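Asks: Structure in C-alpha coordinates, see below.
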Amino acid sequence: MFTLGRKIDLRYKPNLIIVLASLIVVAAGWLIFGEFPLGISLGGGFFLTWVFSRELDPAYDYSAYLAAVLSLSMLIDFEAIHFLNALWLVLHMRAVNGITGKDLTLFDVLTLMGLTVFLSFNYQNSIYLFLFALAMMFIRQTRTKPKAAGIAGILAFILFIVQSTWMSGLSFNPVNFLNLFDLLMIAGPCFSLIVFRSLSRIKMEDDKGNSVAQSRIFSSQLLYNMAVLLLFFFSDISFSDQMIYLSANIGVVLHFLILKSKIK
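Heads up: the sequence shown is residues 2 to 265, going by this note's numbering.
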(Lines of atoms letter the chains of each structure in order from A and count residues from 1; the text may use other names and numbers.)
(Lines give C-alpha, C1' and ligand atoms only; values in the text may rest on other atoms or scores of the structure.)
Protein backbone atom coordinates (compact mmCIF):
# COMPACT_ATOMS: atom_id res chain seq x y z
CA MET A 1 0.00 0.00 0.00
CA PHE A 2 2.71 2.48 1.02
CA THR A 3 5.31 2.80 -1.75
CA LEU A 4 7.55 5.63 -0.49
CA GLY A 5 9.79 3.63 1.83
CA ARG A 6 13.29 2.60 0.76
CA LYS A 7 15.22 -0.28 2.28
CA ILE A 8 18.86 0.13 3.30
CA ASP A 9 20.62 -2.99 2.06
CA LEU A 10 23.75 -3.36 4.20
CA ARG A 11 25.18 -5.77 1.63
CA TYR A 12 25.63 -2.68 -0.55
CA LYS A 13 28.94 -1.17 0.57
CA PRO A 14 27.96 2.55 0.41
CA ASN A 15 24.97 1.84 2.66
CA LEU A 16 27.11 -0.06 5.15
CA ILE A 17 29.63 2.80 5.21
CA ILE A 18 27.03 5.45 6.05
CA VAL A 19 25.45 3.31 8.79
CA LEU A 20 28.84 2.71 10.43
CA ALA A 21 29.80 6.37 10.02
CA SER A 22 26.50 7.44 11.62
CA LEU A 23 27.16 5.18 14.61
CA ILE A 24 30.60 6.75 14.99
CA VAL A 25 29.02 10.22 14.92
CA VAL A 26 26.50 9.10 17.57
CA ALA A 27 29.37 7.97 19.82
CA ALA A 28 31.29 11.21 19.17
CA GLY A 29 28.21 13.30 19.92
CA TRP A 30 27.69 11.38 23.15
CA LEU A 31 31.25 12.20 24.21
CA ILE A 32 30.96 15.87 23.15
CA PHE A 33 27.62 16.61 24.81
CA GLY A 34 27.80 14.07 27.63
CA GLU A 35 24.24 12.96 26.84
CA PHE A 36 23.35 9.94 24.76
CA PRO A 37 20.10 11.41 23.33
CA LEU A 38 22.07 14.37 21.94
CA GLY A 39 24.53 11.93 20.38
CA ILE A 40 21.61 10.12 18.76
CA SER A 41 20.29 13.44 17.47
CA LEU A 42 23.66 14.41 15.97
CA GLY A 43 24.08 11.01 14.32
CA GLY A 44 20.51 11.18 13.08
CA GLY A 45 21.14 14.58 11.51
CA PHE A 46 24.30 13.24 9.87
CA PHE A 47 22.37 10.29 8.41
CA LEU A 48 19.45 12.49 7.40
CA THR A 49 21.72 14.73 5.35
CA TRP A 50 22.92 11.64 3.50
CA VAL A 51 19.30 10.65 2.82
CA PHE A 52 18.45 14.08 1.39
CA SER A 53 21.53 14.01 -0.81
CA ARG A 54 20.70 10.56 -2.17
CA GLU A 55 17.26 11.88 -3.18
CA LEU A 56 18.80 14.97 -4.78
CA ASP A 57 21.53 13.01 -6.56
CA PRO A 58 20.52 9.37 -7.17
CA ALA A 59 23.22 8.99 -9.84
CA TYR A 60 26.21 9.23 -7.48
CA ASP A 61 26.89 7.70 -4.07
CA TYR A 62 29.79 9.84 -2.92
CA SER A 63 28.13 13.27 -3.06
CA ALA A 64 25.99 12.13 -0.12
CA TYR A 65 29.10 11.36 1.95
CA LEU A 66 30.44 14.85 1.29
CA ALA A 67 27.11 16.38 2.29
CA ALA A 68 26.95 14.32 5.49
CA VAL A 69 30.41 15.49 6.56
CA LEU A 70 29.47 19.12 5.83
CA SER A 71 26.41 18.73 8.06
CA LEU A 72 28.66 18.35 11.09
CA SER A 73 29.00 22.13 10.94
CA MET A 74 25.73 22.10 12.91
CA LEU A 75 28.01 21.65 15.95
CA ILE A 76 28.73 25.39 15.74
CA ASP A 77 25.38 25.97 17.42
CA PHE A 78 23.68 22.60 17.87
CA GLU A 79 19.92 22.83 18.33
CA ALA A 80 16.98 20.45 18.22
CA ILE A 81 16.46 18.72 14.87
CA HIS A 82 12.88 18.41 13.63
CA PHE A 83 13.07 14.87 12.28
CA LEU A 84 9.36 14.55 11.49
CA ASN A 85 9.49 17.67 9.31
CA ALA A 86 12.50 16.26 7.49
CA LEU A 87 10.78 12.89 6.97
CA TRP A 88 7.80 14.79 5.56
CA LEU A 89 10.05 16.47 2.98
CA VAL A 90 11.87 13.24 2.06
CA LEU A 91 8.56 11.44 1.42
CA HIS A 92 7.33 14.29 -0.77
CA MET A 93 10.53 14.15 -2.82
CA ARG A 94 10.09 10.40 -3.33
CA ALA A 95 6.47 10.85 -4.30
CA VAL A 96 7.56 13.29 -6.99
CA ASN A 97 10.67 11.56 -8.36
CA GLY A 98 9.38 7.97 -8.23
CA ILE A 99 12.81 6.73 -7.17
CA THR A 100 11.34 3.69 -5.39
CA GLY A 101 10.22 2.34 -8.76
CA LYS A 102 6.68 1.70 -7.53
CA ASP A 103 3.46 3.28 -8.74
CA LEU A 104 2.11 5.95 -6.44
CA THR A 105 -1.01 4.80 -4.59
CA LEU A 106 -4.03 6.59 -3.20
CA PHE A 107 -2.80 5.54 0.25
CA ASP A 108 0.49 7.40 -0.39
CA VAL A 109 -1.36 10.60 -1.30
CA LEU A 110 -3.67 10.36 1.73
CA THR A 111 -0.74 9.61 4.05
CA LEU A 112 1.19 12.64 2.83
CA MET A 113 -1.87 14.83 3.12
CA GLY A 114 -2.58 13.61 6.65
CA LEU A 115 1.00 14.27 7.74
CA THR A 116 0.89 17.70 6.10
CA VAL A 117 -2.33 18.69 7.86
CA PHE A 118 -0.88 17.49 11.18
CA LEU A 119 2.29 19.57 10.77
CA SER A 120 0.43 22.65 9.56
CA PHE A 121 -1.88 22.70 12.58
CA ASN A 122 0.70 21.45 15.07
CA TYR A 123 3.02 24.33 14.16
CA GLN A 124 0.18 26.68 13.17
CA ASN A 125 2.01 27.17 9.89
CA SER A 126 0.24 26.92 6.54
CA ILE A 127 3.44 26.78 4.47
CA TYR A 128 3.34 22.96 4.71
CA LEU A 129 -0.02 22.97 2.95
CA PHE A 130 1.33 25.16 0.17
CA LEU A 131 4.33 22.87 -0.38
CA PHE A 132 2.07 19.81 -0.39
CA ALA A 133 -0.13 21.44 -3.05
CA LEU A 134 3.01 22.20 -5.06
CA ALA A 135 4.16 18.58 -4.80
CA MET A 136 0.75 17.37 -5.96
CA MET A 137 1.02 19.68 -8.97
CA PHE A 138 4.38 18.13 -9.88
CA ILE A 139 2.96 14.64 -9.43
CA ARG A 140 -0.01 15.47 -11.64
CA GLN A 141 2.39 16.54 -14.39
CA THR A 142 4.95 13.74 -14.15
CA ARG A 143 3.52 10.70 -12.38
CA THR A 144 0.56 8.37 -12.02
CA LYS A 145 -2.54 9.06 -9.93
CA PRO A 146 -3.03 12.52 -11.49
CA LYS A 147 -6.68 12.72 -10.44
CA ALA A 148 -6.01 11.89 -6.78
CA ALA A 149 -3.03 14.26 -6.68
CA GLY A 150 -5.05 17.01 -8.34
CA ILE A 151 -7.95 16.75 -5.90
CA ALA A 152 -5.65 16.54 -2.87
CA GLY A 153 -3.65 19.54 -4.14
CA ILE A 154 -6.78 21.67 -4.60
CA LEU A 155 -8.09 20.77 -1.12
CA ALA A 156 -4.70 21.58 0.44
CA PHE A 157 -4.49 24.91 -1.36
CA ILE A 158 -7.98 25.88 -0.16
CA LEU A 159 -6.97 24.94 3.39
CA PHE A 160 -3.76 26.95 2.91
CA ILE A 161 -5.80 30.05 2.05
CA VAL A 162 -8.11 29.49 5.02
CA GLN A 163 -5.33 28.90 7.52
CA SER A 164 -3.22 31.79 6.21
CA THR A 165 -6.08 34.29 6.07
CA TRP A 166 -8.37 33.52 9.00
CA MET A 167 -6.09 31.56 11.32
CA SER A 168 -2.91 33.67 11.03
CA GLY A 169 -1.00 30.60 9.89
CA LEU A 170 1.61 32.39 7.83
CA SER A 171 4.15 34.89 9.12
CA PHE A 172 7.35 36.17 7.51
CA ASN A 173 10.59 35.75 9.43
CA PRO A 174 12.85 38.80 9.64
CA VAL A 175 15.93 38.29 7.47
CA ASN A 176 19.24 40.03 8.04
CA PHE A 177 20.63 40.56 4.54
CA LEU A 178 23.93 41.67 6.06
CA ASN A 179 24.32 38.28 7.73
CA LEU A 180 26.45 35.90 5.65
CA PHE A 181 24.59 32.79 6.78
CA ASP A 182 21.19 34.25 5.94
CA LEU A 183 22.47 35.18 2.48
CA LEU A 184 23.84 31.66 2.02
CA MET A 185 20.47 30.14 2.98
CA ILE A 186 18.85 32.23 0.26
CA ALA A 187 21.50 32.03 -2.45
CA GLY A 188 22.32 28.33 -1.97
CA PRO A 189 18.95 26.90 -3.05
CA CYS A 190 18.66 29.43 -5.90
CA PHE A 191 22.05 28.90 -7.53
CA SER A 192 22.14 25.14 -6.92
CA LEU A 193 19.20 24.75 -9.30
CA ILE A 194 21.58 25.60 -12.15
CA VAL A 195 23.67 22.55 -11.24
CA PHE A 196 20.61 20.41 -10.58
CA ARG A 197 19.30 21.14 -14.05
CA SER A 198 22.46 19.61 -15.51
CA LEU A 199 22.52 16.81 -12.96
CA SER A 200 18.94 15.77 -13.75
CA ARG A 201 19.98 15.05 -17.35
CA ILE A 202 22.29 12.25 -16.22
CA LYS A 203 20.76 8.81 -16.67
CA MET A 204 19.39 7.62 -13.35
CA GLU A 205 17.72 4.40 -12.30
CA ASP A 206 15.09 3.71 -9.67
CA ASP A 207 15.31 0.98 -7.03
CA LYS A 208 14.04 -1.56 -9.56
CA GLY A 209 16.66 -0.69 -12.15
CA ASN A 210 14.34 1.20 -14.48
CA SER A 211 15.25 4.55 -15.99
CA VAL A 212 13.76 7.59 -14.22
CA ALA A 213 12.44 10.49 -16.29
CA GLN A 214 14.52 13.68 -16.11
CA SER A 215 11.39 15.71 -15.42
CA ARG A 216 10.67 13.73 -12.25
CA ILE A 217 14.18 14.14 -10.89
CA PHE A 218 14.31 17.88 -11.55
CA SER A 219 10.80 18.42 -10.18
CA SER A 220 11.90 16.72 -6.95
CA GLN A 221 15.06 18.84 -6.79
CA LEU A 222 12.99 21.97 -7.43
CA LEU A 223 10.52 21.00 -4.71
CA TYR A 224 13.38 20.51 -2.23
CA ASN A 225 14.94 23.89 -2.95
CA MET A 226 11.63 25.71 -2.80
CA ALA A 227 10.87 23.98 0.50
CA VAL A 228 14.23 25.00 1.97
CA LEU A 229 13.66 28.62 0.94
CA LEU A 230 10.05 28.82 2.09
CA LEU A 231 10.76 27.09 5.41
CA PHE A 232 13.60 29.56 5.98
CA PHE A 233 11.32 32.53 5.30
CA PHE A 234 8.11 31.29 6.90
CA SER A 235 8.84 28.72 9.60
CA ASP A 236 10.70 28.41 12.87
CA ILE A 237 13.33 25.86 11.85
CA SER A 238 16.45 25.48 13.97
CA PHE A 239 20.04 26.20 13.00
CA SER A 240 20.71 22.46 12.87
CA ASP A 241 17.78 21.97 10.47
CA GLN A 242 19.14 24.73 8.26
CA MET A 243 22.62 23.20 8.20
CA ILE A 244 21.23 19.80 7.23
CA TYR A 245 19.23 21.26 4.32
CA LEU A 246 22.07 23.49 3.20
CA SER A 247 24.74 20.77 3.51
CA ALA A 248 22.72 18.39 1.35
CA ASN A 249 22.58 21.05 -1.35
CA ILE A 250 26.20 22.12 -1.14
CA GLY A 251 27.52 18.54 -0.98
CA VAL A 252 25.75 17.56 -4.19
CA VAL A 253 26.78 20.75 -5.99
CA LEU A 254 30.45 20.50 -4.93
CA HIS A 255 30.65 16.84 -5.95
CA PHE A 256 29.19 17.64 -9.36
CA LEU A 257 31.64 20.53 -9.89
CA ILE A 258 34.58 18.34 -8.85
CA LEU A 259 33.52 15.67 -11.36
CA LYS A 260 33.18 18.31 -14.10
CA SER A 261 36.65 19.68 -13.38
CA LYS A 262 38.18 16.20 -13.57
CA ILE A 263 36.52 15.54 -16.92
CA LYS A 264 37.97 18.77 -18.34
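Think of the CB as a built atom: it goes at the ideal place given N, C-alpha and C, for glycine as much as any other residue. As the structure is a prediction and not an experimental result, all values here were calculated from the model.
Have a look at residue 203 and residue 166 and give me their C-alpha separation to the nearest angstrom.
Replies: Residue 203 sits at position 202 when you count from the first residue of the sequence shown. Residue 166 sits at position 165 when you count from the first residue of the sequence shown. Computed Cα separation, rounded: 42 Å.
Asks: How about residue 51 and residue 77: are their beta carbons less than 9 Å apart?
Replies: Locating residue 51 in the sequence shown gives position 50, where the first residue counts as 1. Locating residue 77 in the sequence shown gives position 76, where the first residue counts as 1. Going by C-beta atoms, residue 51 is not nearer than 9 Å to residue 77.
Asks: How about residue 36 and residue 95: do their beta carbons lie closer than 9 Å?
Replies: Numbered from its first residue, the sequence shown carries residue 36 at position 35. Numbered from its first residue, the sequence shown carries residue 95 at position 94. No, these two residues do not count as a Cβ contact at 9 Å.
Asks: Report the rounded CA-to-CA distance for residue 251 versus residue 193, giving the unit in angstroms.
Replies: Within the sequence shown, residue 251 is the residue found at index 250, counting from 1. Within the sequence shown, residue 193 is the residue found at index 192, counting from 1. For residue 251 and residue 193, the distance between alpha carbons rounds to 8 Å.
Asks: To the nearest angstrom, how far is the alpha carbon of residue 239 from that of residue 177?
Replies: Here residue 239 corresponds to residue number 238 of the sequence shown, with the count starting at 1. Here residue 177 corresponds to residue number 176 of the sequence shown, with the count starting at 1. Spanning the two alpha carbons is a distance of roughly 16 Å.
Asks: Which one of 39, 233, 163 has the shortest CA to CA distance from residue 183?
Replies: Counted from its first residue, the sequence shown places residue 183 at position 182. Checking every option, the nearest Cα to that of residue 183 belongs to 233.
Asks: From what residue to what residue does the alpha helix (DSSP H) around residue 148 run?
Replies: On the sequence shown, position 147 is the one that residue 148 refers to. From DSSP, the alpha helix (DSSP H) with residue 148 extends over 147 to 167.
Asks: Have a look at 84, 153, 130, 87 and flag the residue whose alpha-carbon is nearest the alpha-carbon of residue 108.
Replies: Start at 1 with the first residue of the sequence shown, and residue 108 comes out as number 107. Of 84, 153, 130, 87, the residue nearest in Cα terms is 153.
Asks: Rounded to whole angstroms, what is the Cα-Cα separation between residue 65 and residue 119?
Replies: Translated into positions along the sequence shown, residue 65 becomes position 64. Translated into positions along the sequence shown, residue 119 becomes position 118. Straight-line Cα distance between these residues: approximately 30 Å.
Asks: In or out: residue 30 buried (at least 16 other Cβ within 10 Å) or exposed?
Replies: By 1-based counting over the sequence shown, the position of residue 30 is 29. By the neighbour-count rule (16 or more Cβ atoms within 10 Å), residue 30 is buried.
Asks: Can residue 53 and residue 249 be called in contact, C-beta distance under 9 Å?
Replies: Mapped onto the sequence shown, residue 53 falls at position 52. Mapped onto the sequence shown, residue 249 falls at position 248. Yes, the pair counts as a contact, with Cβ atoms nearer than the cut-off.
Asks: Can you check whether the CB of residue 60 is closer than 9 Å to the CB of residue 143?
Replies: The count along the sequence shown starts at 1 and reaches residue 143 at position 142. The count along the sequence shown starts at 1 and reaches residue 60 at position 59. Cβ distance not < 9 Å, so residue 143 and residue 60 don't count as in contact.
Asks: Across which residues does DSSP place residue 80 in a beta bridge pair?
Replies: To locate residue 80, count along the sequence shown from 1; it is residue 79. Answer is none; residue 80 lacks a bridge partner.
Asks: Output the residue ranges of the alpha helix (DSSP H) runs that lie fully inside the segment 183 to 264 and measure 4 residues or longer, sorted by chain position.
Replies: You should have 215 to 235, 240 to 264.
Asks: Are the Cβ atoms of residue 92 and residue 116 separated by less than 9 Å?
Replies: To locate residue 92, count along the sequence shown from 1; it is residue 91. To locate residue 116, count along the sequence shown from 1; it is residue 115. Taking 9 Å as the Cβ cut-off, residue 92 and residue 116 qualify as a contacting pair.
Asks: Confirm, please, whether the CB-CB distance from residue 163 to residue 253 is below 9 Å.
Replies: Working through the sequence shown from its first residue, we reach residue 253 at position 252. Working through the sequence shown from its first residue, we reach residue 163 at position 162. For residue 253 and residue 163, no; Cβs fall outside 9 Å.
Asks: Provide the residue span of the alpha helix (DSSP H) that contains residue 1, from first to last.
Replies: Residue 1 lies beyond the residue range present for the chain, which begins at 2 and ends at 265; the question has no answer from this structure.
Asks: Which same chain residues end up closer than 7 Å to residue 139 when comparing Cβ atoms and leaving out the 5 residues on each side of it in sequence?
Replies: Here the question's residue 139 lines up with position 138 in the sequence shown. Within the same chain, residue 139 has close Cβ partners 97, 220, 224.
Asks: State the DSSP-derived secondary structure class of residue 61, mapped to helix, strand or coil.
Replies: Taking the first residue of the sequence shown as 1, we reach residue 61 at position 60. Coil, per DSSP.
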